[in-house]
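Going by my numbering, the first residue of the sequence shown is number 17, and it counts up by one from there.
Ideal placement from N, C-alpha and C gives every residue a C-beta, glycine not left out.
Working notes for the structure below.
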Amino acid sequence: MASALQNLSQYDASTVPDASEIIFGIVVAEWNAHITHALYEGCYETLLKHGARPENIHTVQVPGSFELPAGARIVHGQKNPDAVICLGCVIKGETNHNEYINQAVAHGLVNLSLATGKAFIFGVLTTDTEQQALDRAGGKHGNKGVEAAIAAIRMAALKRDLSAPKKKIGF
Ligand code: RBF
């Protein structure tokens with residue numbers, strides 16, 4: 017059923033690479049903190065569950081989602097992580113501020129990814145209502161912070177595996 021595939025928080029843990037050697041940055045927006053902190057909890061616990069070491073997880077907070085790319089760039093410059101996870105929640109209001117913020121964050125993070133060759137994960141809820149956000153921060157649609165953590169592990173492992181020395185085949 018199509019709707020079953022939408023809750024990616026229910027993933028097969030056995031397919032997730034080991035994260036014990038991966039360094040992570042996490043950037044959390046303080047706007048809608050009751051939601052972004054729930055995303056953070058899901059994200060952090062998921063990294064630990066897959067072997068990440070607490071000393072290898074560098075967390076910073078920024079005022080709002082608009083500041084996520086700048087915060088991510090600072091963490092990247094200071095800690096040289098393999099992946100940076102950006103968590104935010106932008107809820108549509110009476111004006112179209114949400115469109116400007118969402119576009120800016122998406123462009124900012126993809127630019128950072130392409131410029132650095134590292135993963136900058138878009139863990140931003142972009143909802144019409146607060147309830148939709150709650151549903152995706154530990155509610156009926158799972159926790160998108162969990163999914164952001166899995167995406168970060170997979171992308172960091174992809175880079176590590178491709179850059180590892182090749183085994184010789186044959187003679
Ligand atoms: N930041 C968020 O992370 N989520 C929001 O829903 C959100 N709504 C905003 C609405 C308006 C009208 C404004 C001006 C800002 C909003 N921000 C929001 C804050 C924004 O991401 C940023 O922190 C500030 O604009 C300062 O650059």
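- Counting of Cβ neighbours within 10 angstroms places H50 among the exposed residues, the total staying below 16.
- Using a Cβ distance threshold of 7 angstroms, M171 and A99 count as a contacting pair.
- In this structure, the straight-line span from the alpha carbon of I101 to that of T75 is close to 9 angstroms.
- Shortest gap from the CB of V44 to any heavy atom of the ligand RBF: 6 angstroms or more.
- The segment 59-73 makes no contact with the segment 122-130, as fewer than three CB pairs between them are under 8 angstroms.
- Burial is judged here by how many other beta carbons sit within 10 angstroms of a residue's own beta carbon; K156 has fewer than 16 and is exposed.
- Less than 7 angstroms divides the Cβ of G41 from the Cβ of K95.
- Going by beta carbons, V32 and I137 fall outside the 7 angstroms limit.
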